[in-house]
Amino acid sequence: MTPVQTQGLEFARELLLQLDFGANASRVGLVEFDDTATVLSYLSSDLNAVLAALATAQEANGGTSISSGLASGLAVLQAKGSWGTRLKLLLLLTDGEQNPEYGGAAAAIAQAATVRAAGVQIFGVGFGTASAATIAAISSSPASIYAFTAANIGAVRDHFR
Numbered sequence: 001m002t003p004v005q006t007q008g009l010e011f012a013r014e015l016l017l018q019l020d021f022g023a024n025a026s027r028v029g030l031v032e033f034d035d036t037a038t039v040l041s042y043l044s045s046d047l048n049a050v051l052a053a054l055a056t057a058q059e060a061n062g063g064t065s066i067s068s069g070l071a072s073g074l075a076v077l078q079a080k081g082s083w084g085t086r087l088k089l090l091l092l093l094t095d096g097e098q099n100p101e102y103g104g105a106a107a108a109i110a111q112a113a114t115v116r117a118a119g120v121q122i123f124g125v126g127f128g129t130a131s132a133a134t135i136a137a138i139s140s141s142p143a144s145i146y147a148f149t150a151a152n153i154g155a156v157r158d159h160f161r
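In this text, residue positions in the sequence shown follow UniProt numbering: the first is 1, and each later residue adds one.
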């Protein structure tokens, strides 16, 4: 894995460790994406299971299909075992823009609208070549709360500490 990918996974791990897991607390699912999306974990209230799933993340192959990640994230939130009455949040963490061969930013923004229409709040976090405008358009409103971009993952980690 590249250093950036390793740092991104460590940031995700740090976020997970800050959540309150348990039968009546947070339930977390994980999706990784590059040119396609893969579900690493459906919703779980078991921190150790989620951390083990995170440890199975594969090296990204260079393509970026944010729309695939968003669609899979929505599927995880709607899968059997989700709590219908609970607040549903999706955290998008990306180091780049959706590639043109996957419909470009417009396709990612359209998929985000579908996710939000399903009652999911999207927090968008981008770094590297991720466009602040695209992250803001993907995220729920207001962008000042739901969207954040930085030059690198280190700046993202510093912001959320």
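Each residue gets a CB set at the ideal place from its N, CA and C atoms; glycine is no exception.
CA-CA distance, L43 to L16, rounds to 13 angstroms.
Annotation for Y42: the continuous beta strand (DSSP E) segment containing it runs 37-44. In the DSSP assignment, A147 falls within the unbroken beta strand (DSSP E) covering 147-149. Look at the UniProt domain "VWFA" (10-161) and you find these whole runs of alpha helix (DSSP H), each 4 residues long or longer: 47-54, 66-78, 104-117, 132-138, 143-146, 153-159. Considering only S67, I135, F160, G154, the residue with the shortest C-alpha distance to V4 is G154. Around the Cβ of S139, a 10 Å sphere holds 16 or more other Cβ atoms; the residue is buried. Contact annotation: the stretch 93-110 does not touch the stretch 71-80, with fewer than three C-beta pairs closer than 8 angstroms.
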